[in-house]
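In what follows, a single structure is set out as structure tokens and then discussed.
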Amino acid sequence: MAFGLWFTLFELLLKLFLILAFVKKGSAGITSTFTRTKWQSFDIPLDHKVLAIPNGYNAPQQVHITQGDYDGKAVMISWVTADKPGSSRVQYGTSEKKYDFKADGTVANYTFYNYKSGYIHHCLVDGLEYETKYYYKIGEGHSSREFWFQTPPKIDPDSPFTFGIIGDLGQTYNSLSTLEHYMQSGGQTVLFLGDLSYADRYQYNDVGIRWDSWGRFIERSAAYQPWIWSAGNHEIEYMPDVGEVLPFKSFLHRFSTPHLASRSNNPLWYAIRQASAHIIVLSSYSPHVKYTPQWLWLRDELKRVDRKKTPWLIILMHVPIYNSNQAHFMEGESMRAVFERWFVHHRVDFIFAGHVHAYERSYRISNIRYNVSSGYRYPVPNKSAPVYVTVGDGGNQEGLAGRFRDPQPEYSAFREASYGHSTLELKNRTHAFLNWHRNEDGQKVHADSVIFLNRHWASNLRRRRLKKDDF
Ligand SMILES: *[C@@H]1O[C@H](CO)[C@@H](O)[C@H](O)[C@H]1NC(C)=O
Ligand SMILES: *[C@@H]1O[C@H](CO)[C@@H](O)[C@H](O)[C@H]1NC(C)=O
Ligand SMILES: *[C@@H]1O[C@H](CO)[C@@H](O)[C@H](O)[C@H]1NC(C)=O
Ligand SMILES: *[C@@H]1O[C@H](CO)[C@@H](O)[C@H](O)[C@H]1NC(C)=O
Ligand SMILES: [Fe+2]
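Residues in the sequence shown are numbered from 1 upward in steps of one, following my numbering.
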């Protein structure tokens, strides 16, 4: 009896193995059917300790940093004081408790409906050394607080670096799980793909209150390493019912971007260079058709990319251009129509997007042959095209986008609707490892893991090595 059962099981496993082996041989993509324990997607209550206000009168809270210049020798430090403006000074130095240097920043506040924000400080700390640990102190007297960060290595084609990639985070228990898993990943900078706090799901003064709680929520990571911001639809906050019609008002007051350093006229689109990467941030919800400022800026910024210095060309945006989920299907078409040609021509390595609450990775495909009269309707493989990766599964209160289009389109290589984050490990000018980690798994497990060859330098590699890169 027992033997019979084991035999049936064995037979089943063998069949499964054969099917899997067969699937792997073809170029068909994988729709992962991993079944996950779904925690309910509600926001962490305001009185929970992970959203706690730090002790002390007017103590700095919501501390976060981002790169402050083009090349990684400056950091913008931001925080909020609740009771009075206080000081916008940052004291810093290269050994603990020894603050030899200081910088002074700015303070501002804003209203949203009847909510009055705290005093929002932004302080640029520049002239830093590469690859150096800095300690910093903000706030006054007994309420002051201390943090640290590490500057990136110098701009160099073989500078290794690990980026974390997080999108659509929100502030639920799933968001907390994503953040905690990310913090153990070894990531040095977060590339954030838009849709930050989901505060716009609230009404009236609670919108501002949930931005504040989100600022405190991410501090455990964002005070210690740069988060590179891109804006999503949840940052627009167009709310005429309560008299709020200025798009991105909360986002722009709270989060700084180094847009002037890349000659952008708008904080919503800009570029930075870090280690061996040139990172371009685009705004899905700002005009991008021909001759708009974003279009003109991107055209010029792409010309400034020097693959001999920064081999890895990475673009961030909120709305994915290739996505085979039922959710937000084809919402990226307007951007694809204007920019895809450039992405292929400039041999962009990766395009990361969020918006769809799932993970998906594409093959290298392009649809640049298509126009309204060409008759070419389908994307085709193209070795010059980027890999499109959607990492919109940070874990916000809207839940997962669990319904994928069936059958899986040929451009889709791997897709799964689970909460998680990605890491991109740039090893040297030729090799990068892209990993996706789902929150259910132990720290070392990668549910999707691929080695990529650089689009600029791969062509100099020998033919047999190229074979690896069939993705
Ligand atoms: C900013 O703070 C000052 C000083 O507390 C206050 O007078 C002003 O009304 C505030 N502005 C806004 C827009 O809330
Ligand atoms: C692939 O991209 C190149 C640009 O690098 C372009 O010239 C070529 O036409 C593309 N191929 C297809 C099939 O679209
Ligand atoms: C559209 O495609 C057709 C056929 O490939 C081509 O002749 C034409 O030049 C294209 N038009 C534009 C504006 O790209
Ligand atoms: C680049 O990194 C890859 C992966 O770690 C390694 O196999 C390869 O040898 C490295 N190339 C050089 C030139 O060091
Ligand atoms: Fe979104």
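Ideal Cβ placement from N, Cα and C applies to all residues, glycine included.
Contact check, residue i vs residue j, beta carbons under 8 Å
i	j	result
P160	L426	yes
L169	R220	no
F352	V319	no
V338	V289	yes
G139	P45	no
H253	S117	yes
P258	I65	no
Y70	F149	no
G167	D200	no
S41	E416	no
S412	R438	no
P379	N367	yes
Y285	I228	no
R405	F329	yes
I77	V125	yes
Y136	S95	no
G232	Q62	no
R429	D158	yes
T423	T162	yes
Where residue i sits in the DSSP three-state scheme
i	result
I368	coil
R455	coil
D393	coil
K98	strand
L316	strand
G187	coil
V450	strand
Y115	strand
H278	strand
D43	strand
F192	strand
A223	coil
F251	helix
E478	In the structure displayed, the chain extends from 1 to 471; residue 478 sits before or after that span and is not available.
T172	strand
I155	coil
I53	coil
A199	helix
E244	strand
A353	strand
P443	With the sequence shown as reference, residue 443 is identified as Gln, and Pro is not the correct amino acid for it. Q443 falls in the coil class under three-state DSSP.
L302	helix
S472	The structure shown does not extend to residue 472, since the chain spans only 1 to 471, so no value can be given for it.
S477	Residue 477 is absent from the model: the chain starts at 1 and stops at 471.
T292	coil
F22	Only weak support exists for where F22 lies, its pLDDT of 36 falling under 50; the coordinates are left without a value.
Residues that DSSP places opposite residue i in a beta bridge
i	result
P381	I365
R89	D104
I236	I236 pairs with nothing; no bridge assigned.
W148	Y135
G420	R438
F433	E425, I451
F34	Answer by DSSP bridge pairing: none, since F34 is not bridged.
E360	T390, R415
S78	H64, H122
N325	F404
T162	E425
R273	H278
T310	According to DSSP, which records beta bridges pairwise, T310 is partnered with nothing at all.
I228	L191
Cut-off 7 Å between Cβ atoms - residues of its own chain near residue i, not counting five sequence neighbours on either side
i	result
F112	V207, G208, E244, K249, S250
S373	none
R341	I368
Presumed contact (8 Å Cβ cut-off) between residue i and residue j, rounded CB distance
i	j	result
L316	L282	7 Å
V473	Y99	Absent from the structure is residue 473, since the part of the chain shown begins at 1 and ends at 471.
A385	V450	Actually they do not touch by this definition, with Cβ atoms about 15 Å apart.
A447	W457	So it is not a contact: roughly 28 Å between Cβ atoms.
G72	Y130	7 Å
Neighbourhood of residue i by C-beta, 6 Å cutoff - its chain only, sequence neighbours within 5 removed
i	result
Q443	Q184
Y291	none
D393	H357, A358, Y359, Y419, G420
R307	H456
H121	W79, S88, G105, V107
Cβ shell of residue i (< 8 Å), same chain only, five flanking positions each side left out
i	result
F452	D349, F350, V387, H431, A432, F433, L434, D469, F471
L13	Unreliable positioning characterises L13 in this predicted model, as indicated by a pLDDT of 46, which lies under 50. A coordinate reading is not provided.
Q326	A401, R403, F404, R405
H346	L302, V305, L313
Below-8 Å beta-carbon distance, residue i vs any chain D residue
i	result
Q150	Absent from the structure is chain D; it holds one protein chain and no more.
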